[in-house]
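Enquirer:
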Amino acid sequence: MTDLRELYQETILDHYRQPRNAGRLAEANRTAEGFNPLCGDRVKLYLKVEDGVIRDARFDGTGCAIATASASLMTESIKGKREDEALQLLEKIHRMVTGGATAGDAGKLEVLAGVHEFPERVKCATLAWHTLKAALENVAAPVSTQ
Ligand code: ZN
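All residue numbers for the sequence shown refer to the working numbering, where the first residue is 1 and numbers rise by one.
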């Protein structure tokens, strides 16, 4: 677990300092907003979905290190995935973050299992993923982790 913890901290800091896919996406056809009142994290997600495949994903907003890193890791990992694959990944992440066990096949996202050690941060880590679900399901109202 020590390795995972180190990797977790390294990866979170890396993606917090240099978020991937940050910014708006002009050609987005799915968007959703998420809010985590517990921490104050806000994320807006922009997706370009064509033929059931997520062609592009970007996000903006203001969040803590974990919320930002999780959104960054998420946008990176869902690009090129089908909508149902992205939703399966979401379920997997949710189990890792709340249960602490790594999925074994989630690649770089495995580090999110490290959040399990910080229960007050679970909602920070899952915010982007709740927002992804709302975007894919075309939920117009902002989603809250509460
Ligand atoms: Zn947070």
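Each residue gets a CB set at the ideal place from its N, CA and C atoms; glycine is no exception.
Below 8 angstroms CB to CB, which residues in the same chain sit around M1 once its five sequence neighbours on both sides are set aside?
Expert: Summary for M1: the model assigns pLDDT 48, below 50, so the residue's position carries little reliability; its value from the coordinates is reported in the next sentence. Cβ within range, chain order: n/a, list empty.
Enquirer: Closest to T126 by CA distance: which of E6, D41, R24 and G80 is it?
Expert: Comparing Cα positions, the closest option is D41.
Enquirer: Buried or exposed: where does R5 fall if 16 or more other Cβ atoms within 10 Å of its Cβ makes it buried?
Expert: R5 comes out exposed.
Enquirer: Kindly list the residues whose CB is nearer than 6 angstroms to the CB of P19, restricted to its own chain and excluding five residues on each side of it in sequence; keep chain order.
Expert: The residues are T68 and S72.
Enquirer: Terminal residues of the continuous beta strand (DSSP E) containing G80?
Expert: Unbroken run through G80: none, as it is neither H nor E.
Enquirer: Would you check whether the ligand ZN has a heavy atom nearer than 7 angstroms to the C-beta of A128?
Expert: Checking the Cβ of A128 against the ligand ZN gives no.
Enquirer: Closer than 5 angstroms between the C-beta and any heavy atom of the ligand ZN: which residues qualify, listed along the chain?
Expert: For the ligand ZN, the selected residues are C39, D41, C64, A67 and C124.
Enquirer: Drop a sphere of 10 angstroms on the beta-carbon of G63, count the other beta-carbons inside from all chains shown, and report buried for 16 or more, exposed for fewer.
Expert: Looking at its Cβ environment, which holds 16 or more other Cβ atoms inside 10 Å, G63 is buried.
Enquirer: Tell me whether the stretch 84-103 and the stretch 26-37 touch, counting them as touching only if at least three CB pairs, one residue from each stretch, are closer than 8 angstroms.
Expert: Output reads no: the stretch 26-37 does not touch the stretch 84-103.
Enquirer: Reducing DSSP to helix, strand and coil, say where G114 ends up.
Expert: Looking at G114 - three-state DSSP - the assignment turns out to be helix.
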